[in-house]
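With my numbering applied, the sequence shown covers 939 to 1117. C-beta atoms are modelled at their ideal positions from N, C-alpha and C, and glycine is treated no differently. A quick write-up on the structure given underneath.
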Amino acid sequence: MNERKQLPCNLFLIGFMGSGKSSIASHLRQAYGMTLLEMDEEIERREGRSISDIFASKGEEYFRSLETALLADLQEAENTVVSCGGGVPLRARNVELMKKSGKIVLLTAEPKTILQRVSGSHSRPLLEGRKNVAYIRKMMEERRPYYERAADLILPTDGKDQEAICQELLEGLKSLIPD
Ligand code: S3P
């Protein structure tokens, strides 16, 4: 029988908007039969409206508390890959919750790569009207210490395809969790 390998732990993919969390999470779901949780999508489902609407009507702090509540609900998850919203690692409580139930993988990309990836979308209220390399670089630098402090593993993604990134992720996991 052709048994599918399973990864040794839940994974939380973190990183700046457009760093590739969703596409890598989807690749891992297919390759390893993991359950995929897209935090933004789940929050939209729970609230019955879009992220942009939540920011506009209830504000960012309310949205941030929804993220924390969702992470708290994931404590029993198994064989799950979570594609986190870009702001998740900014709260210490969120990092604590993620560390309790899995490994945290940071995906990075250069600001110009991020700009290419986010330019066609209008679903990220924090970037609306500010889609330029200088703004993205500034915001990324402000966030970098939070991202790096949270991460168990850091994977640069520029110029790599999904397969190569997932391969590096697996190698990194082996060093974090030896057989
Ligand atoms: C945010 C990132 C978004 C979304 C919201 C806020 C952020 O998710 O959660 O717009 O603060 O970086 P993605 O990183 O999936 O775009």
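Under the three-pair Cβ rule at 8 angstroms, the segment 1000-1016 does not count as touching the segment 1043-1057. For I1092, the closest C-alpha among the options C947, N948, L945 and S957 is that of S957. Apart from sequence neighbours up to five positions away, the residues of its chain that approach M1036 with a beta-carbon distance below 6 angstroms are F950 and I1042, ordered along the chain. Going by beta carbons, S1061 and S988 fall inside the 9 angstroms limit. With a cutoff of 8 angstroms, C1022 counts as near the ligand S3P, since its C-beta is closer than that to a heavy atom of the ligand. Annotation: R1068 to I1074 spans about 8 angstroms, alpha carbon to alpha carbon.
Secondary-structure assignment with DSSP links T1018 through a beta bridge to T973. Cβ contact annotation for R1031 (same chain, cutoff 7 angstroms, sequence separation greater than five): T1006, in chain order.
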